[in-house]
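Enquirer: Per this note's numbering, the sequence shown starts with residue -16, numbered consecutively.
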Amino acid sequence: MKKEQDIHGLEMSSELMLDLARQAAELTVERIKGLSKEGVWEGEFRQVLEEQWSREVPERGKSAQEVLKLVANKILPLALRLDHPRCFGFVPSSPTWPGVLADFITAGHHVNQCTWLTSSGPSQVELIVIDWFRRWIGYPKSAGGLFTSGGSAASVDALVAAREAAGHPERGAVYISDQGHSSLARSAMVIGIRPEGIRKVPTDRYFRLDLQALKDMVARDRTAGLNPIAICANAGSTSTGAIDPLGEIANYCQDEGIWFHVDAAYGGFAVIAEEGKKLLHKIEHADSIGLDAHKWFFQPYEAGCLMVKDIKTLEGPFGVRPNFLQDTVWGDKHPNFSDRGLQLSRSFRALKVWMSVQTFGMAAFRQAISNAMKFTAQAEQYIDKSPTLELLTPSSLGIVCFRVNSKDSPLSEEELTELNSKVLTHIFWDGSAFLTSTTLREKFSLRLCIINHNTTWNNVRKTLQAIEKFGRESFKN
Ligand SMILES: Cc1ncc(COP(=O)(O)O)c(C=O)c1O
């Protein structure tokens, strides 16, 4: 236990700093190594926490070790363990340790990754990592990008570029498939698109954007005086993992002179694996692509990224240079990442990816992504053969959708919704696995997103068996 003399004002002795860092590292490693024995979810109602946790602002500090323990034992466990090997809900993610350390060491070095002047080393690393992404996607040399907080922020930046490329017209319109992530509609709203210009395009039976419907909609809208700014496609939709017909949409966008944005926040990193590259064929024809390294590239939050085919399309609109930053302008060869997007002060997010890849090598990442796709396909086969389960969409990248339903079941849609919600609640409170649901054309669907690198087939199989068991029990009641 450290004494008061280890703390002076807002500073600590080296000994105390190291002790705390060691304690934080030990608590974290212990948590990670014990994950599979823990439940996947833990949470509490607000009223309970209001009663348990003090709202007082302490005038004098307490023991730093005690504060750390409180955080590790009481606060942080009340959360979904997205990195748990049996977490299949939403879009989970399991960060690699070098990525975690990158966040720690970056914070400790207090990097502001906004301009070349403030951070030339970090800027060079961000350039290198962005160039890796460029090569993985298959973008030309003119391409570039930046790290963002996440996929949502990447979409905002992308739509600003799209709007400016279109000449910032009045009555702009953005086209999003009815399976597009909610962040796309939000981003359209942020860049000033009015509600009537946020256009939802129908999808086909596999939940892929219907190209003919898109063409008809754009033609009608142009006649009605709307000005298309961007068409947003999915390269891995959140509900089903659907990949829109990227090549065909790209050709259409080119013919029509409309910006083509691909939301690959969850699915994009599949390009590094051979089978993923095939599935995401022609993604490189997009004008911009959103990617989330905090999803399928195993990094801690926040590690989003926007890539654009021509970096000038970002640097033009965002290159606002006030007098008080005049010293930071070092010319084209020394880009200021703050000239590529929304943020001025930025953390050094690229370091997580850089350190992780340097440490493990690409082969390990490729293997982890291939495994995930293999397990998802295996889950599809398992579901297809199960007498208790009904496959609702084929596996795509890392997602498969299904529900509890027997072939000769007399249950109505309403009853099936009730039954499946019940099964989901069972799984939820049982805590041994976590999955979430979606609704696919009025059908309540269970959904597994199998992308964590620490997930084994056994984890997936056991989860499916638990769903079958709860399903059978719910059928009887
Ligand atoms: C396809 C897709 N796009 C965008 C997002 C939003 O990304 P973020 O939460 O990083 O802002 C998500 C999140 O799950 C997603 O799955």
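In this text, a Cβ means the ideal position worked out from N, Cα and C, and glycines have one as well.
For Tyr158, list the residues DSSP reports as bridge partners.
Expert: Translated into positions along the sequence shown, residue 158 becomes position 175. DSSP, once it has assigned bridges, lists Arg182, Ile214 as partnering Tyr158.
Enquirer: Per DSSP, Ala346 is paired with what?
Expert: Mapped onto the sequence shown, residue 346 falls at position 363. DSSP, once it has assigned bridges, lists no residue as partnering Ala346.
Enquirer: At what residues does the beta strand (DSSP E) containing Pro377 begin and finish?
Expert: If you number the sequence shown from 1, residue 377 lands on position 394. Note, Pro377: beta strand (DSSP E), 372 to 379.
Enquirer: Would you tell me roughly how many angstroms separate the C-alpha atoms of Leu(-7) and Thr311, rounded to the nearest one?
Expert: Here residue -7 refers to the residue found at position 10 when the sequence shown is read from its first residue. Here residue 311 refers to the residue found at position 328 when the sequence shown is read from its first residue. Using only the alpha carbons, I get a separation of about 31 Å.
Enquirer: Have a look at Gln195 and Asp187 and give me their C-alpha separation to the nearest angstrom.
Expert: Position 212 of the sequence shown, counted from the first residue, corresponds to residue 195. Position 204 of the sequence shown, counted from the first residue, corresponds to residue 187. Spanning the two alpha carbons is a distance of roughly 10 Å.
Enquirer: DSSP has Lys357 in a bridge; who is on the other side?
Expert: Numbered from 1 along the sequence shown, position 374 holds the residue referred to as residue 357. Answer is none; Lys357 lacks a bridge partner.
Enquirer: Skipping 5 residues on each side, what residues in its chain have a beta carbon closer than 7 Å to that of Glu425?
Expert: Start at 1 with the first residue of the sequence shown, and residue 425 comes out as number 442. Hits under 7 Å: Glu396.
Enquirer: Just checking Val74 against ligand 1 - is the residue's beta carbon closer than 7 Å to any of the ligand's heavy atoms?
Expert: By 1-based counting over the sequence shown, the position of residue 74 is 91. It does: the Cβ of Val74 is within 7 Å (strictly closer) of some heavy atom of ligand 1.
Enquirer: If we count the other Cβ atoms within 10 Å of its Cβ and call it buried at 16 or more, is His92 buried or exposed?
Expert: On the sequence shown, position 109 is the one that residue 92 refers to. With fewer than 16 other Cβ atoms within 10 Å, it is exposed.
Enquirer: So, under 8 Å CB-CB, Glu451 and Leu372 are touching, yes? Tell me the CB distance rounded to an integer number of Å.
Expert: Within the sequence shown, numbered from 1, the residue matching residue 451 stands at position 468. Within the sequence shown, numbered from 1, the residue matching residue 372 stands at position 389. Their Cβ separation, rounded to whole angstroms, is 6 Å, which keeps Glu451 and Leu372 in contact under 8 Å.
Enquirer: How about Gly133 and Gly381: do their beta carbons lie closer than 8 Å?
Expert: Taking the first residue of the sequence shown as 1, we reach residue 133 at position 150. Taking the first residue of the sequence shown as 1, we reach residue 381 at position 398. At a Cβ-Cβ threshold of 8 Å, Gly133 and Gly381 do not count as neighbours.
Enquirer: Mind checking whether Ala218 and Ala247 have CB atoms under 8 Å apart?
Expert: Taking the sequence shown and counting its residues from 1, one reaches residue 218 at position 235. Taking the sequence shown and counting its residues from 1, one reaches residue 247 at position 264. Yes; because the gap between Cβ atoms is below 8 Å, this pair is in contact.
Enquirer: For Gly259, count the other beta carbons within 10 Å of its own beta carbon; 16 or more makes it buried, fewer makes it exposed. Which is it?
Expert: Here residue 259 is taken as the residue at index 276 of the sequence shown, counted from 1. Buried is the call here.
Enquirer: How long is the line joining the alpha carbons of Ala253 and His264, rounded to whole angstroms?
Expert: Numbered from 1 along the sequence shown, position 270 holds the residue referred to as residue 253. Numbered from 1 along the sequence shown, position 281 holds the residue referred to as residue 264. Approximately 11 Å between the Cα atoms of the pair.
Enquirer: Just the C-alpha distance for Lys198 and Pro211, rounded to the nearest angstrom, thanks.
Expert: Stepping through the sequence shown from its first residue, residue 198 is reached at position 215. Stepping through the sequence shown from its first residue, residue 211 is reached at position 228. If you take the alpha carbons of Lys198 and Pro211, they lie about 11 Å apart.
Enquirer: Are the Cβ atoms of Phe427 and Arg386 separated by less than 8 Å?
Expert: In the sequence shown, counting from the first residue as 1, residue 427 sits at position 444. In the sequence shown, counting from the first residue as 1, residue 386 sits at position 403. Their beta carbons are under 8 Å apart, which means Phe427 touches Arg386 by this criterion.
Enquirer: Bridge partners of Met290, per DSSP?
Expert: In the sequence shown, residue 290 corresponds to position 307, counting from 1. Within the DSSP bridge table, the entry for Met290 names Gly128, Ile272 as partners.
Enquirer: Within the same chain, show all residues whose beta-carbon is closer than 7 Å to that of Thr422, passing over the 5 residues directly before and after it, in chain order.
Expert: Taking the first residue of the sequence shown as 1, we reach residue 422 at position 439. Taken in chain order, the residues that qualify are Ser428.
Enquirer: Restricting to Cα atoms, I'd like to know which of Ile159, Thr221, Pro228, Arg444 is closest to Thr359.
Expert: Translated into positions along the sequence shown, residue 359 becomes position 376. It is Arg444 whose Cα lies nearest to the Cα of Thr359.
Enquirer: Flag this pair as yes or no: are the beta carbons of Ala126 and Lys295 separated by less than 8 Å?
Expert: To locate residue 126, count along the sequence shown from 1; it is residue 143. To locate residue 295, count along the sequence shown from 1; it is residue 312. No, they are not a contact pair.
Enquirer: Give me the Cβ distance between Gly128 and Ile113, rounded to the nearest whole Å; I'm assuming they're in contact under 8 Å.
Expert: Within the sequence shown, numbered from 1, the residue matching residue 128 stands at position 145. Within the sequence shown, numbered from 1, the residue matching residue 113 stands at position 130. Confirmed, Cβ separation roughly 5 Å.
Enquirer: Pull up the distance between the alpha-carbon of Tyr249 and that of Gly72, whole angstroms please.
Expert: Start at 1 with the first residue of the sequence shown, and residue 249 comes out as number 266. Start at 1 with the first residue of the sequence shown, and residue 72 comes out as number 89. Distance between the alpha carbons of Tyr249 and Gly72 is about 13 Å.
Enquirer: Using the rule of at least 16 other Cβ atoms within 10 Å of the residue's Cβ for burial, across every protein chain shown, is Asp367 buried or exposed?
Expert: The residue labelled residue 367 in the question sits at position 384 within the sequence shown. Per the 10 Å Cβ criterion, exposed.
Enquirer: With respect to 7 Å, is the separation between the Cβ of Asp246 and the closest non-hydrogen atom of ligand 1 below this value?
Expert: Mapped onto the sequence shown, residue 246 falls at position 263. Relative to the non-hydrogen atoms of ligand 1, the Cβ of Asp246 comes within a distance shorter than 7 Å of at least one.
Enquirer: 8 Å is my cut-off, CB to CB: does Gln35 come that close to chain D?
Expert: In the structure shown, chain D does not exist; there is a single protein chain.
Enquirer: To the nearest angstrom, report how far apart Leu51 and Ala416 are at their CA atoms.
Expert: What you label residue 51 is simply residue 68 of the sequence shown in a count that begins at 1. What you label residue 416 is simply residue 433 of the sequence shown in a count that begins at 1. Taken atom to atom, the span from the alpha-carbon of Leu51 to that of Ala416 is near 28 Å.
Enquirer: Can you look up Lys93 in the DSSP assignment and give me helix, strand or coil?
Expert: Working through the sequence shown from its first residue, we reach residue 93 at position 110. One point to set straight first is that residue 93 is His, not Lys, in the sequence displayed. His93: coil per DSSP, three-state reduction.
Enquirer: Buried or exposed for Ile58, going by 16 or more other Cβ atoms inside 10 Å?
Expert: For the purposes of this step, residue 58 is taken as the residue at position 75 of the sequence shown. That one is exposed.
Enquirer: For the beta strand (DSSP E) containing Gln385, list its first residue and its last residue.
Expert: Taking the sequence shown and counting its residues from 1, the one referred to as residue 385 is at position 402. Note that residue 385 is Phe in the sequence shown, not Gln. Its beta strand (DSSP E) spans residues 382 to 387.
Enquirer: What residue does the alpha helix (DSSP H) around Lys295 start on, and which one ends it?
Expert: As a working note, residue 295 is residue 312 in the sequence shown. Lys295 -> alpha helix (DSSP H) spans 295 to 301.
Enquirer: Does Val184 pass the burial test, meaning 16 or more other C-beta atoms within 10 Å, or should it be called exposed?
Expert: As a working note, residue 184 is residue 201 in the sequence shown. Buried, because 16 or more other Cβ atoms sit within 10 Å of the Cβ of Val184.
Enquirer: According to DSSP, is His244 part of a helix, a strand, or is it coil?
Expert: One-based indexing of the sequence shown puts residue 244 at position 261. In the structure shown, His244 sits in a strand (DSSP, three-state: E or B).
Enquirer: Three-state secondary structure (DSSP) at Thr422?
Expert: Position 439 of the sequence shown, counted from the start, is the residue given in the question as residue 422. Looking at Thr422 - three-state DSSP - the assignment turns out to be strand.
Enquirer: For ligand 1, any of its heavy atoms closer than 7 Å to the Cβ of Gly82?
Expert: Residue 82 sits at position 99 when you count from the first residue of the sequence shown. Outside the cutoff, so no.
Enquirer: Regarding Asp227 and ligand 1, is the C-beta to nearest heavy atom distance less than 7 Å?
Expert: As a first step, residue 227 is located in the sequence shown; it is residue number 244 there, counting from the start. At a threshold of 7 Å, Asp227 does not count as near ligand 1, since its beta carbon sits no closer than that to any of the ligand's heavy atoms.
Enquirer: Which residue marks the beginning of the alpha helix (DSSP H) containing Ser106, and which one marks its end?
Expert: One-based indexing of the sequence shown puts residue 106 at position 123. Per DSSP, Ser106 belongs to the alpha helix (DSSP H) from 103 to 120.
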